[in-house]
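Chemist:
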Amino acid sequence: MSAERASIRALTDAEVEALCALAGEIWREHYPAIIGQAQIEYMLAQRYRPEVIRAELARGGVWWDLLLAGGEPRGYASYFLGEAIQEMKLDKLYVHGECRGRGYGAMMLQRALSAARANGCERLVLAVNKHNAGAIAAYRGWGFAIARSSVTDIGGGFVMDDYIMTRAL
């Protein structure tokens with residue numbers, strides 16, 4: 007399956023449950039060695055409930071994209087206008103493990119970069135777990151640089167231990 011056979015479209019309300027299920031698959035496959043199963047379940051419950059995503063879809067300045075490969079949901083991205091002027095935050099970019107390394111992440115990133123430029127942004131910012139070596143390497147390859155470290159208490163006894171990475175547009 008090549009990147010040419012994949013498509014990306016704006017997430018619809020009818021696809022929210024499928025996205026939540028996909029997020030669960032991706033997170034449970036990718037993150038156990040990075041953050042542990044308890045934090046995975048906590049974060050999925052916090053961020054991937056249908057009502058949370060629908061509220062974001064209804065709000066202005068937030069985009070959710072769904073990647074389809076072979077006609078099936080295989081990845082997703084979310085980005086929004088940042089708190090800093092002329093900044094967009096890439097909040098989520100995930101590709102199912104079976105589909106990594108095929109250019110799908112780059113396709114979703116290009117869509118987020120286009121939205122950032124269309125909204126007058128000068129940079130794209132993201133947070134990535136410090137132990138997510140594959141994602142860090144991919145983001146570096148896409149022109150991002152580590153700007154700083156960040157440890158954020160997310161409740162439930164958990165923290166996000168991230169690098170904040172930026173890319174000028």
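Per the numbering used here: the sequence shown = residues 7 to 175.
Don't be surprised by glycine CBs; every beta carbon is placed ideally from N, CA and C.
Span of the alpha helix (DSSP H) holding A39?
Modeler: P38 to I41
Chemist: Give the range of the alpha helix (DSSP H) segment to which L119 is assigned.
Modeler: Y110 to A124
Chemist: A153 and I170 look like a contact to me (Cβ under 8 Å); what is the Cβ gap, rounded to whole Å?
Modeler: 5 Å
Chemist: Less than 7 Å between C-beta atoms, sequence neighbours within five positions excluded: which residues of the same chain meet that for Q45?
Modeler: Only F164 meet the Cβ criterion.
Chemist: With DSSP as the reference, label R15 as helix, strand or coil.
Modeler: strand
Chemist: Using three-state DSSP, classify S8 as helix, strand or coil.
Modeler: With a pLDDT of only 47 at S8, under 50, the local geometry of the prediction cannot be trusted, and no value is derived from it.
Chemist: Of all the options E57, G126, A118 and R15, which has the alpha carbon lying nearest to the alpha carbon of I91?
Modeler: G126 is the residue among E57, G126, A118 and R15 whose C-alpha sits nearest the C-alpha of I91.
Chemist: Would you mind reading off the limits of the alpha helix (DSSP H) that contains L63?
Modeler: P56 to A64
Chemist: For my contact list, G30 and L50 are in at a C-beta cut-off of 8 Å; report their separation, rounded to the angstrom.
Modeler: 6 Å
Chemist: Determine the extent of the alpha helix (DSSP H) in which I170 is found, giving its start and end residues.
Modeler: For I170, no alpha helix (DSSP H) run applies; the uninterrupted beta strand (DSSP E) run containing it begins and ends at F164 to A174, by DSSP.
Chemist: Just to check my reading of the structure: D71 and L17 have Cβ atoms closer than 8 Å, yes? What is that Cβ distance to the nearest angstrom?
Modeler: 6 Å
Chemist: Do N135 and D168 have their beta-carbon atoms positioned less than 7 Å apart in this structure?
Modeler: yes
Chemist: Whole angstroms are fine: how far does the CA of G140 sit from the CA of G147?
Modeler: 11 Å
Chemist: Mapping the DSSP letters down to three states, classify G30 as helix, strand or coil.
Modeler: helix
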